[in-house]
Structures are given as C-alpha cells and as structure tokens.
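In the order they appear, the protein sequences are chains W and G. The numbers in the working numbering rise by one with no breaks, and the one at position 155 of the first sequence is 1239. The numbers in the working numbering rise by one with no breaks, and the one at position 118 of the second sequence is 212. For every residue, glycine included, the Cβ atom is placed at its ideal position computed from N, Cα and C. This report concerns only the one structure given below.
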Amino acid sequence: MWDYSEKVREHFFNPRNSGPLENANGTGDVGSIKCGDALRLMLKVNPETEVIEDAHFQTFGCGSAIASSSALTEIIKGKTLDDALKVSNQDIADYLDGLPPEKMHCSVMGREALQAAVANYRGEVWSDDHEEGDLVCKCFAIDAVMIEDTIRANGLKTREEVTNYTKAGGGCSACHEKIEDVLIAVNGRLYSSEPKPKKAPAHLPNESPVKPQLTNYQRIRKIEDTLEAIRPMLQRDHGDVTLIEVDGKKIYVALSGACQGCQMEAATLGGIQHKLVEALGELVQVLPVGAMANH
Amino acid sequence: MNPIYMDNNATTACDPAVVQAMLPFFTEQFGNASSIHSFGAQVGKALKEARGRVQTLLGAAHDSEIVFTSCGTESDSTAILSAIKAQPERRTIITTVVEHPAILTLCDQLEKEGYVVHKLMVNKKGRVDLDEYKSLLGQFGDRVAIVSVMWANNETGTIFPVEEMAEMAHEKGIMFHTDAVQAVGKLPIDLKSTKIDMLSLSGHKLHAPKGIGVLYVRRNTRFRPLLRGGHQERGRRAGTENSASIVGLGVACKLAMQHMEAENTVVKRLRDRLERGILAKVPNAFVNGDTLYRLPNTASIAFEYVEGEGILLMLNKQGIAASSGSACTSGSLEPSHVMRAMGIPYTAAHGTIRFSLSRYNTEEEVDRVIAAVPPVIAQLRKLSPYWSGEGPVPNPEQAFRPEYA
C-alpha cells in the first residue's frame, strides 16, 4: 500500500466540498478514465470581484486523487481567479504534506482541472498540452515522455546526459535500464557512456550569451573548477565558498567562515561572478544560497 | 474486531504446522544436505521426504522431477529460458495475454532480443480460443520453443484447459509449460496423466513460506539450468538448498492434499455466499471471469464508476484486506492487463476488487464483508462524477468526458 501522509488519509476519508455544486459558473473536467483518474471541478465565481466563493469536486480516482481534489477546493476558495491560477501542483502536494512520486500526477490533475474550470468560466477553450508517460524514475518522478522530449530537444546520447538534464536516474539508479530503452527508442541505438572528447569551445567572452556550447555536465564541471581556483584566495582570509545549485543562468553558492556575513560579501560574490563569466563565456548571475529559498 | 484476510491469491499465512516443522532446521538441523556427516545426512533425509510430498500433490511420476527453486518467478524464468537454450533453432514462444508478469515481462525482454512471442487473446470471460491456438501451433510448428499458459488466472480465477492444450502441443512435438502457482493446492492435479512438460508452483500461495518455489520438469524433457554451480537438485538448480523452507513446503503440500476437498466445497460455498451477498446489495456490480470454470476461492467483482484503491483503503480501515484488479496500487496507471484483455470497460476495470479466500476464512467473516462493502461503494459513488443519487447519471460516458490530462 502507498505510504500516504496523515493529511492525505484525512482528506480521503473526510473529503471537503465533494459532490455537485448548485449554480456553478465554471466547470473543468479533466483526467483520463484509461488511467483511472478523472476529476470534475465546479466553481462559483463572483462576477464582480472574480473571487471563487465556492468550489466543489467529483472525482473518479484513487485515494490520493480524491485527497488532491479535496485539497484543491480548500486552497482556492476565497481566492481571486488570478491568484488561484498561481496555485501549482506542488502547492497541492505540499498542502497534503507530500505525495508519493507515482501519485504526483494526482496533483497535476488538480491544477489542470483548475485551469480548465477557469477557462470555462471565462468562456475560453482549454486544451491540455502535456502528455504523461510511464513513470521511469521513481526517485524524482520523471516519466518517459519527459525523458523522450528532453533527449530529442537536446540531442542527448547517453544515460549520464539524460540524468544531467532531467535528474532521471540520479537517485537509486534502478531505472537506468529503462532510460537506456528510451534512448534506444529515440536514437535507434545506444551510444557508449563515455562522452566523446569535444574540442574546447573557441574563445568567446564577447559573444552574446546565447545557447551555451557546453553540456550541462561540462558546464557544471567548469563552474566547479573555477570556484576551486578561487577558494585558496578566500581561505587565506579564513573564508570559503561551496557550489550549491546551478539553475540556468543563476549559480547559487554558500559562503562560509569569515566570508559569511562579511561586509564585503557582495563584493566577493561579484568577484566570483566575474571569474565565472570569464570561464564560461556567458553571462551568469552568482547568488548567495539564501536567495534560493526566496525564489 | 479481528482483521479479515481475503487476499490469499497475493499470499497466504503460513500454516502453524508448517512453521513448527521448519523451526528445527534453523537450529539443531542446520547441516548442509550435501555433507557426508550426520548433520547433513538428516537434512538430506528431510528434503527427500518433502520432495515426495510435493510429488504426491502434483501427481508426478518421479520425485526426481521436482526441482526446488526460490520462487514462482524463478521457476517460470527457468522453464522459458531452458526451452530456448535447449532448442536454439526454435525462436518462437506461445503464451497468453493474461499471464502473470513473471511470464509477460520475460517474454517482452525476449522479444527485444529477437524472439517471436505470440500471445493468445481471451474473450470477455477470460477464456482462450482453442481454434486460434490450434492454428498458431500449425502455423509455427517446429519453430515454437515452448508454449506457456497459466493453469488459473490470479485476478479472476478463470481456469485454462492446460491439459488439453498440452496434448495439442505434444502432438506437434512442442514443449508445454504451465504457471500453476494459483492452481496448486486448490485444484486436484495429476501430472503423470498429462502431457505437461514443466510446471511452476510457489510455496507462499499454499500456506508455505515465501522464498520457496518448485519447477516440475518431466523426465526426459530437454533442460538447461538457470543457475549453474554445485550439484544440488541434480545439477538443475545450483545453490545450497533452502532446507527449512523446503521442509515447510513439504508439510504445506501434505496439508493441501488433506484440505483439497474442503477447498472445493467449504471454501467455494463461502466464496459464493460472499459474491451473492455483495451483488444482492450493490447495484451496478458484476463478477469478472468465467463463473462456471474458475478457482473455488476467488471472487473478482467489478464495481462500476468507482476506483479500486479508494475501496481498498476504506475496507482496510475496517480491517478487511482484499486487492484491486486495477494495477494502480502496483505503481502503474493502466488498469489491469487482464481486465483490459477481457474488454471490461475502464469505468468497471478500475473498480474491480478481488476477494481471494482460504480455508482460514469463516462464515462470520464473509458476513462482515458483505455488510461492509455496500456503504463503502455508496460513499465513493457519492464522490464520482458518473453517479447521481441512486444510480449512474444518464449516459455516463457522454455526461462526463474529461479532457485527457
């Protein structure tokens, strides 16, 4: 049986706002009966204020689908449509103290029902643009369609690259065979795992920061190498720096020791940023790890 | 209130007599059956007795036809892989669409490796078409390495005519294997009077422990081991014998023989009572599978317009253990491949619950389940977009047509 949180169980056994809603003026029917999960979300929206005055659901689905529907109605009641649309599937999952990776699609369905119901209220046509495949990586909840799309979009060849781009396979590693199957399905063959030695990119600091020439892996290695070269200088001042996360153009680092809280922190980050821009040949932003939480 | 266990097709409780018989083999009887000294010799004797008991339950001609393995899945893999290794010129496998994943997943892999796999379809009662089977045998003839058909289906209990199908394969000189993990102990079996070449069984389905299985290999069947190493099991399955579990399985087989009649009378009556009781109280529900020809302990009931996991969670809250025909609970979103193969609509396939009984269930338990199920279904139907008041909404498939998401 699934390891459902107390909150999920509670919302399943005592669902809020279930059943039809009289005078609903926005309805969204989403899901797939084939997959065994489908949801009708009904909204009563105040036309003056666009505030959701009431929300009800009817769900054909598993325990977590019912709990996610119930949570969704609780979250959006009292919100304006625009605020409600900011609710992400992660918000629904968080409200329930998390969902098992295989069940994250239940929260996604909730979010889509919301979009569909709002579109219905506004007289727009909502169409679903995402397709869900078989769950491949259970550690990070990555499905086959997502992996396939990423392989195609980036011309990925090896399992390592797939892991770098999607995180799939980066946990327990049990899904590596399945990832290789997807690679074979897309590329027609499996390439050897060792990345081909690529020529170092030509010197291009002045080129406009378009698509980076490096693979994600190479890029992160480069960032690490650059930070490694800076560390001795910081250590001389009894400080240090650690790479925490690379999110596109944003590079999050943790300053420690004397650097932490130092008046010169901003200047230090600026210096690191300068070195990284030089090394990577693209514009990046170096941010303290604290900025990540606010993000 | 005592919990009620009605999920015996998933696994069974070890019979206390089985546990008793096993215990000495963890302590004073720890010897390796292959050793010359007295520690080993006594274990060897116990294994021989257990082998004889399995032989009796299966009606095998010789006790040397019994090969102990670690589980039903190992037995299935050994059988199929042995057949294709022993007959490299034969690269076709015939099986059915409703087999257990132990067969289907292996066959999918073999397909990737270039083997040809033919899966027989089933009708809405879950039965195979013997004419289709016959024409496949004729069409592929000596290219077929093995036919593998389950004796009874784990989800619906539907029994397949494996004895007849084995005869038909035999006539064409084709090897026949049956995955009988659900049938052994529930149906009388007499292998020596059949043409079945190999049969898989799993201990934990008949009140023996988990981690012990058997592959029956008829004498003179061409065989290639899965595990090579020591001479255990006459070289057909290397690895030190799991002596405690083998002894436990022997006792379980002896008990299964003793209870065979009760299984087909007492347990069957309980199952029928359960089915009738639930169907009398719950509208829009029906039994899946072939009700005339199925295991005596299994009831697969489809409750329309609700999803199985919710039913199981609510029953579990009342201490009732059953399982869902929908594979949702096992990590896949698609409904059970068995229900799909039988053409059960999605709105019913997802709401299928399997109650599988054993000789430990009582009439009182059955009545408690009959009382518990209808309110659970009613409660979930109240949440269902297909349901309104006392019945399904008019034209349910039209009334609720969700956008695929």
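The alpha-carbon of W:GLY1254 is positioned some 36 Å away from that of G:ALA415. Of all residues in the stretch 1106-1134 of chain W, the ones placed with a Cβ closer than 9 Å to any Cβ belonging to chain G are GLY1112, ASP1113, VAL1114, GLY1115, SER1116, ILE1117, LYS1118, CYS1119, GLY1120, ASP1121, ALA1122, LEU1123 and ARG1124, in chain order. Residues ASP1121, THR1143 and CYS1190 of the same chain have their beta carbon placed closer than 6 Å to that of W:ALA1149, with the five preceding and five following residues left out of the count. The alpha carbon of W:GLY1103 has as its nearest neighbour, out of G:PHE494, G:SER482 and G:PRO486, the alpha carbon of G:SER482. Here G:THR189 has ILE197, LEU198, CYS201, VAL211, HIS212, LYS213, LEU214, VAL241, SER242 and VAL243 as same chain residues with Cβ atoms under 8 Å from its own Cβ, once five neighbours each way along the sequence are excluded. Of all residues in the stretch 223-236 of chain G, none is placed with a Cβ closer than 8 Å to any Cβ belonging to chain W. Nearest to G:ALA379 by C-alpha distance, out of G:HIS444, G:SER339, G:ARG495 and G:MET292, is G:HIS444.
When C-beta distances to chain W are compared with 9 Å, every residue of the stretch 315-348 of chain G stays at or above that value.
The stretch 318-367 of chain G contains, as complete alpha helix (DSSP H) runs of 4+ residues, the segments 337-356 (chain order).
Beta bridge pairing from DSSP links W:ARG1124 with W:ASP1113 and W:GLN1142. Close CB contacts of G:VAL467 within its chain, under the 6 Å cut and outside five residues either way in sequence, are with ILE372 (chain order). G:GLU484 and G:LYS375 have their C-alpha atoms some 13 Å from each other. Per DSSP, reduced to three states, the secondary structure at W:CYS1259 is coil, with no helix or strand assignment. Contacts with chain G at 8 Å (Cβ-Cβ) do not include W:PRO1316. At a Cβ-Cβ threshold of 8 Å, W:ILE1268 and W:ILE1231 do not count as neighbours. A distance below 8 Å between beta-carbons, with the five flanking residues on each side excluded, links W:HIS1260 to the following residues of its chain, in chain order: ARG1243 and GLY1253. Remark: fewer than three beta-carbon pairs, one from each stretch, lie closer than 8 Å, so the stretch 1175-1184 of chain W and the stretch 1135-1142 of chain W are not flagged as touching. If you check the CB distance, W:ALA1237 and W:VAL1266 do not come in under 8 Å.
Looking at the backbone, the Cα of W:ALA1375 and that of G:THR163 are separated by about 57 Å. Excluding the 5 residues flanking it on each side, W:LEU1240 has same chain C-beta neighbours closer than 7 Å at THR1234, VAL1246 and TYR1249, in chain order.
Only GLN1142, THR1143, PHE1144, GLY1145, CYS1146, GLY1147 and ILE1150 from the stretch 1135-1154 of chain W bring a Cβ to less than 7 Å from some Cβ of chain G. G:THR392 sits close to G:THR250, with the two beta carbons spaced by under 8 Å.
Residue environment for W:SER1276: exposed (fewer than 16 other C-beta atoms within 10 angstroms of its C-beta).
Within a 10 Å sphere around the beta-carbon of G:GLU491 sit fewer than 16 other beta-carbons, which makes this residue exposed. DSSP assignment within the stretch 414-472 of chain G yields the following whole beta strand (DSSP E) runs of 3 residues or more, N-terminal first: 446-450. Interface with chain G (8 Å Cβ-Cβ cutoff): W:GLY1253 is excluded. Boundaries of the beta strand (DSSP E) harbouring G:HIS212: 210-214, taken from the DSSP string.
Per DSSP, W:CYS1221 is one residue of the beta strand (DSSP E) stretching across 1219-1221. Under the 8 Å criterion on CB atoms, G:THR441 is classed as interfacial with respect to chain W. By the 16-neighbour rule on beta-carbons within 10 angstroms, G:ILE160 is buried.
According to the DSSP assignment, G:PHE380 belongs to no alpha helix (DSSP H) but to the beta strand (DSSP E) extending over 379-381. DSSP places W:THR1326 within a strand segment (E or B) once states are collapsed to three. Residue-level contact check: G:LEU300 does not touch chain W, since none of the beta carbons of chain W fall below 8 Å from its beta carbon.
For G:SER176, the uninterrupted alpha helix (DSSP H) run begins and ends at 166-180, by DSSP. Here the stretch 255-264 of chain G makes no contact with the stretch 120-138 of chain G; the two share fewer than three CB pairs at distances below 8 Å.
Under the Cβ criterion of 8 Å, W:ALA1200 is counted among the residues facing chain G.
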